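Numbering (the numbering used here), first residue to last: 947 to 1129.
Virtual Cβ for every residue (Gly too), placed ideally from N, Cα, C.
Being a predicted model, the structure only gives us computed values, none of them experimental.
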């Protein structure tokens, strides 16, 4: 394992092939007794700023939290697909009459009451995990957990919260890169 000591006693794990998987992060890489806090920083978040990490680290160091992670505030009215067929651009394999009889509407609201639809300006929105980074205690990491019972969050501005998972995401990030260089 390529581990080196960084500033303020931080241990930096670098270039470990066991940590570079598409499936999950191998938390078992942290059996070292001197490791108290583990930070997982995602390379798919190009607009990560040192100040975001500083805030998370400070929150963890204060002892009030056993995990701190990044979130972004969203103002979206969300719906849940009900089991069965939900019409979309391609209606097959379900026939519309069967769908209506089994699941009237096909969806149900998750975060609002349709009879009292909130305006964006009139509600605080929701905090959505954005995957930019996770700080957790070594104890939780060894259990394979990113979050414990005492979670704190660092709210990331929407314009910094792009996650690159598709070619489209990469193009979107490229379009936003120039303004970020000057902010």
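Checklist entry - What are the boundary residues of the alpha helix (DSSP H) that residue 999 is part of? => result Taking the chain shown and counting its residues from 1, one reaches residue 999 at position 53. Note, residue 999: alpha helix (DSSP H), 996 to 1007.
Next on the checklist: Quick check on this structure: which residue in 1113, 983, 1022, 1062 has the alpha carbon closest to the alpha carbon of residue 1071?
Outcome noted: Position 125 of the chain shown, counted from the start, is the residue given in the question as residue 1071. Taking only the C-alpha atoms, the option nearest residue 1071 is 1022.
Next on the checklist: Can you list, in chain order, the residues of its chain with a C-beta nearer than 7 Å to that of residue 1074? Leave out the 5 residues immediately preceding and following it.
Outcome noted: Looking up residue 1074 in the chain shown gives position 128. Closer than 7 Å at the Cβ level, and outside the excluded window around residue 1074, lie 1017, 1018, 1020.
Item to check | residue 1081 vs residue 987 beta-carbon contact at 7 Å | outcome: The residue labelled residue 1081 in the question sits at position 135 within the chain shown. The residue labelled residue 987 in the question sits at position 41 within the chain shown. Contact flag unset, no.
Checklist entry - Which residues in the same chain as residue 1006 place their Cβ atom closer than 7 Å to its Cβ, once the five residues preceding and following it in sequence are excluded? => result Counting from 1 along the chain shown, the entry for residue 1006 is found at position 60. So the qualifying residues of the chain are 983, 1014, 1081.
Next on the checklist: I'd like to check one pair, residue 1057 with residue 1024: are the Cβ atoms closer than 7 Å?
Outcome noted: As a first step, residue 1024 must be located in the chain shown, where it is residue number 78. As a first step, residue 1057 must be located in the chain shown, where it is residue number 111. Judged by their CB atoms, residue 1024 and residue 1057 are nearer to each other than the 7 Å cut-off.
Checklist entry - In the DSSP assignment, what residue or residues form a beta bridge with residue 1082? => result Taking the first residue of the chain shown as position 1, residue 1082 is located at position 136. DSSP output for residue 1082 lists 984, 1013 as bridge partner(s).
Checklist entry - Nearest-angstrom Cα distance between residue 1065 and residue 1121? => result Working through the chain shown from its first residue, we reach residue 1065 at position 119. Working through the chain shown from its first residue, we reach residue 1121 at position 175. Roughly 29 Å between the two C-alpha positions.
Checklist entry - Near residue 1095, which residues of its chain fall below 8 Å by C-beta distance, leaving aside the five closest residues on each side in sequence? => result Within the chain shown, residue 1095 is the residue found at index 149, counting from 1. Excluding sequence neighbours, residue 1095 sits near 1012.
Checklist entry - On the three-pair Cβ rule with 8 Å, is the region 1087 to 1094 touching the region 993 to 1008? => result Contact between the region 1087 to 1094 and the region 993 to 1008 is absent: fewer than three C-beta pairs spanning the two stretches fall below 8 Å.
Item to check | N- and C-terminal bounds of the beta strand (DSSP E) containing residue 1104 | outcome: Stepping through the chain shown from its first residue, residue 1104 is reached at position 158. Here residue 1104 belongs to no beta strand (DSSP E), and DSSP marks it neither H nor E.
Checklist entry - Mapping DSSP to helix, strand and coil, what is residue 1066? => result Working through the chain shown from its first residue, we reach residue 1066 at position 120. It is helical.
Checklist entry - What separation, rounded to the nearest whole angstrom, lies between the Cα atoms of residue 1115 and residue 1109? => result What you label residue 1115 is simply residue 169 of the chain shown in a count that begins at 1. What you label residue 1109 is simply residue 163 of the chain shown in a count that begins at 1. C-alpha of residue 1115 to C-alpha of residue 1109: approximately 7 Å in a straight line.
Checklist entry - Would DSSP call residue 1116 helix, strand or coil? => result In the chain shown, residue 1116 corresponds to position 170, counting from 1. It is helical.
Checklist entry - Opposite residue 1074 in the DSSP bridges: which residues? => result As a first step, residue 1074 is located in the chain shown; it is residue number 128 there, counting from the start. 1018.
Checklist entry - What did DSSP end up calling residue 992 once you bin it into helix, strand or coil? => result Indexing the chain shown from 1 puts residue 992 at position 46. Here residue 992 sits in coil by DSSP.
Next on the checklist: Here's the rule: buried if 16 or more other CB atoms are within 10 angstroms of the residue's CB, otherwise exposed. What is residue 1053?
Outcome noted: Taking the chain shown and counting its residues from 1, one reaches residue 1053 at position 107. Per the 10 Å Cβ criterion, exposed.
Checklist entry - For the beta strand (DSSP E) that contains residue 1027, what are its first and last residues? => result By 1-based counting over the chain shown, the position of residue 1027 is 81. Its beta strand (DSSP E) spans residues 1025 to 1027.
Checklist entry - Do residue 992 and residue 1119 have their C-beta atoms closer together than 7 Å? => result Walking along the chain shown from the start, residue 992 turns up at place 46. Walking along the chain shown from the start, residue 1119 turns up at place 173. It is a contact, given that the beta carbons lie within the stated cut-off.
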